[in-house]
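Keeping their order, the protein sequence lines are chains A and B. If you count by my numbering, then the first sequence holds residues 297 to 430, one letter each, in order. If you count by my numbering, then the second sequence holds residues 297 to 430, one letter each, in order. Using N, Cα and C, we set each Cβ at its ideal position, and we do this for glycine too. As the structure is a prediction and not an experimental result, all values here were calculated from the model.
2 protein chains.
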Amino acid sequence: MPTTTALSQAQELCDTLTDDADELIREIITRLTDKWSLWVMHVLATTDRPMRFSRVMEQVEGISQKSLTKTLRQLERDGLVTRKMFAEVPPRVEYAITPIALEMFEHVEPLWLWVAKSVTLFQSAREAFDGRGK
Amino acid sequence: MPTTTALSQAQELCDTLTDDADELIREIITRLTDKWSLWVMHVLATTDRPMRFSRVMEQVEGISQKSLTKTLRQLERDGLVTRKMFAEVPPRVEYAITPIALEMFEHVEPLWLWVAKSVTLFQSAREAFDGRGK
DNA sequence: CAGTATCCAGATCGATACTG
DNA sequence: CAGTATCGATCTGGATACTG
């Protein structure tokens, strides 16, 4: 196959990866589409300073405590946010975005922007399909 | 807020979107991370000619008939693959990738490549986290 | 061949209640 | 304040059997 398409690059890199790495890549990419991760990161990124659990919860409208905890743990585990606990009463915990997360954002945005720009195309595709009586 | 970060572009575009469009964008992006969609598209893209249902099923190792049907229907609905039925016995149905899907790939790949290149970073983040006894 | 129909297991996520 | 524990509804996807 000629190496003219964007597919070929991925193809080559893909072959060098272990199964573990492959699964981790999937999980990282999945963070971009599960219900809250991107929103939580966005809040932390735009605020751009450490935020308490309850502040994040206010900004991410509709999230439950349980889901916020889980989301933050996942993001922390993957190095996308940091968690700092203070030995105070009442307890204070601060979350912050990491450089690697910001770098990831730089690569997510072009894709997201393209989809957003192309949204009318997708809308008419759906109308055509649904209109065919499926 | 200054418009110096990549975040600001998305911010502006986001404000112009209807809720419907917003949801559709989410769904399109979600296709990138559900279990089979990207793999199915990849098979159709690299083969680069119409493929029968059973050929796709062979190439996408481990997928069930039900999941393949569902995946193809979703992709068809969003205009990412085409479906052509032939009035023959036994029935023949051919699927093909669309230009818009190929265009989407061009925007997905940079992100995917970045994650793949950064995978060792994510791996050590996890080791550090898991090693802390969480 | 290319599905559809049915059943089922596991994961996700919200609501609620409780705790150091 | 920042969680954990528990329950239940919903969704996803696999296995299997059946059909035009």
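(Q) Which of the three DSSP states is assigned to residue 383 of chain B in this structure? (A) Within the second sequence, the letter at position 87 stands for residue 383 of chain B. Three-state result, residue 383 of chain B: coil.
Q. For residue 411 of chain B versus residue 393 of chain A, is the C-beta spacing smaller than 8 Å?
A. Against the second sequence, residue 411 of chain B aligns to sequence position 115. Against the first sequence, residue 393 of chain A aligns to sequence position 97. Not closer than 8 Å, so no.
(Q) For residue 334 of chain B, which residues in the same chain have their Cβ closer than 7 Å to its Cβ, ignoring the five residues on either side in sequence? (A) Counting from 1 along the second sequence, the entry for residue 334 of chain B is found at position 38. The residues are 328.
Q. Any C-beta of chain A sitting closer than 8 Å to the C-beta of residue 343 of chain B?
A. Reading the second sequence from its first residue, position 47 is the one you call residue 343 of chain B. Interface flag for residue 343 of chain B against chain A is unset, since no Cβ pair is found closer than 8 Å.
Q.
Just to confirm before moving on: does the CB-CB distance between residue 409 of chain A and residue 375 of chain B stay below 8 Å?
A. For the purposes of this step, residue 409 of chain A is taken as the residue at position 113 of the first sequence. For the purposes of this step, residue 375 of chain B is taken as the residue at position 79 of the second sequence. No, these two residues do not count as a Cβ contact at 8 Å.
Q: Return the residue from the list A:428, A:401 and A:312 that minimises the CA-CA distance to residue 307 of chain B.
A: For the purposes of this step, residue 307 of chain B is taken as residue 11 along the second sequence, with counting starting at 1. For the residues A:428, A:401 and A:312, the minimum Cα distance to residue 307 of chain B belongs to A:401.
(Q) Rounded to the nearest angstrom, what separates residue 407 of chain A and residue 399 of chain B at their Cα positions? (A) Position 111 of the first sequence, counted from the start, is the residue given in the question as residue 407 of chain A. Position 103 of the second sequence, counted from the start, is the residue given in the question as residue 399 of chain B. Their Cα atoms are separated by approximately 11 Å.
Q) By Cβ distance, which residues of its chain are closer than 6 Å to residue 359 of chain B, with the 5 residues on each side in sequence left out? A) As a working note, residue 359 of chain B is residue 63 in the second sequence. So the list reads 332, once near-sequence residues are dropped.
Q) I think residue 391 of chain A touches residue 347 of chain A, with their Cβ atoms under 8 Å apart; what is that distance to the nearest whole Å? A) Sequence index remark: in the first sequence, residue 391 of chain A carries index 95 (1-based). Sequence index remark: in the first sequence, residue 347 of chain A carries index 51 (1-based). Going by Cβ atoms, the distance from residue 391 of chain A to residue 347 of chain A rounds to 6 Å, so yes, they are a contact pair.
Q. For a contact meaning CB atoms closer than 9 Å, what does residue 419 of chain B contact in chain A?
A. Position 123 of the second sequence holds residue 419 of chain B. For a Cβ distance threshold of 9 Å, residue set 316, 317 and 320 of chain A lies close to residue 419 of chain B, ordered along the chain.
(Q) Only counting the same chain, and skipping five residues up and downstream in sequence, which positions put a Cβ closer than 7 Å to that of residue 367 of chain A? (A) Along the first sequence, read from residue 1 onward, the residue named residue 367 of chain A stands at position 71. Once the five neighbours on either side are set aside, the close Cβ partners of residue 367 of chain A are 332, 333 and 336.
Q | Straight-line Cα distance separating residue 415 of chain A from residue 309 of chain B | A | As a first step, residue 309 of chain B is located in the second sequence; it is residue number 13 there, counting from the start. As a first step, residue 415 of chain A is located in the first sequence; it is residue number 119 there, counting from the start. Looking at the two C-alpha atoms, the distance is approximately 12 Å.
Q) Just to confirm, are residue 373 of chain B and residue 389 of chain B a CB contact at a threshold of 8 Å? A) As a working mapping, residue 373 of chain B is identified with position 77 in the second sequence. As a working mapping, residue 389 of chain B is identified with position 93 in the second sequence. No Cβ-Cβ contact shorter than 8 Å links residue 373 of chain B with residue 389 of chain B.
(Q) Am I right that residue 356 of chain B and residue 339 of chain B are in contact with their C-beta atoms under 8 Å? What's the rounded C-beta distance? (A) If you number the second sequence from 1, residue 356 of chain B lands on position 60. If you number the second sequence from 1, residue 339 of chain B lands on position 43. For residue 356 of chain B against residue 339 of chain B, the beta-carbon gap comes to about 6 Å, under 8 Å, which counts as contact.
**Q.** Within chain B, the residues that residue 396 of chain A reaches when beta carbons sit closer than 9 Å
**A.** Translated into positions along the first sequence, residue 396 of chain A becomes position 100. By Cβ distance, chain B contributes 414, 417, 418 and 421.
Q: Please confirm if residue 425 of chain A has its CB atom under 8 Å from at least one CB of chain B.
A: Here residue 425 of chain A refers to the residue found at position 129 when the first sequence is read from its first residue. Yes, its Cβ sits closer than 8 Å to a Cβ of chain B.
Q) Helix or strand or just coil, what does DSSP make of residue 288 of chain A? A) No answer is possible for residue 288 of chain A: it lies beyond the span of chain A, which begins at 297 and ends at 430.
Q. Hey, residue 364 of chain B and residue 419 of chain A are a contact pair by Cβ (cut 8 Å); roughly how many whole angstroms apart?
A. Reading the second sequence from its first residue, position 68 is the one you call residue 364 of chain B. Reading the first sequence from its first residue, position 123 is the one you call residue 419 of chain A. Contact check for residue 364 of chain B and residue 419 of chain A: beta-carbon distance about 25 Å, past the 8 Å limit, so the pair fails to qualify.
Q.
Counting only Cβ pairs nearer than 7 Å, list the residues of chain B close to residue 374 of chain A.
A. Stepping through the first sequence from its first residue, residue 374 of chain A is reached at position 78. Simply 418, 421 and 422.
**Q.** Short CB-CB distance (under 8 Å) between residue 298 of chain A and chain B
**A.** Locating residue 298 of chain A in the first sequence gives position 2, counting from the first residue. With a pLDDT of 49 at residue 298 of chain A, under the threshold of 50, the predicted position of this residue should be treated as unreliable, though the coordinate-derived value follows. For residue 298 of chain A, the answer is no, since every Cβ of chain B falls outside 8 Å of its Cβ.
Q: For chain A, find out if any of its Cβ atoms is closer than 8 Å to the Cβ of residue 329 of chain B; answer yes or no.
A: Looking up residue 329 of chain B in the second sequence gives position 33. Residue-level contact by beta carbon holds for residue 329 of chain B and chain A, with a gap shorter than 8 Å.
Q. According to DSSP, which residues form a beta bridge with residue 377 of chain B?
A. The residue given as residue 377 of chain B occupies position 81 in the second sequence. Residue pairing from DSSP places residue 377 of chain B in a beta bridge opposite B:393.
Q. Does any C-beta atom of chain B lie closer than 8 Å to the C-beta of residue 404 of chain A?
A. Indexing the first sequence from 1 puts residue 404 of chain A at position 108. True, the Cβ-Cβ gap to chain B drops below 8 Å.
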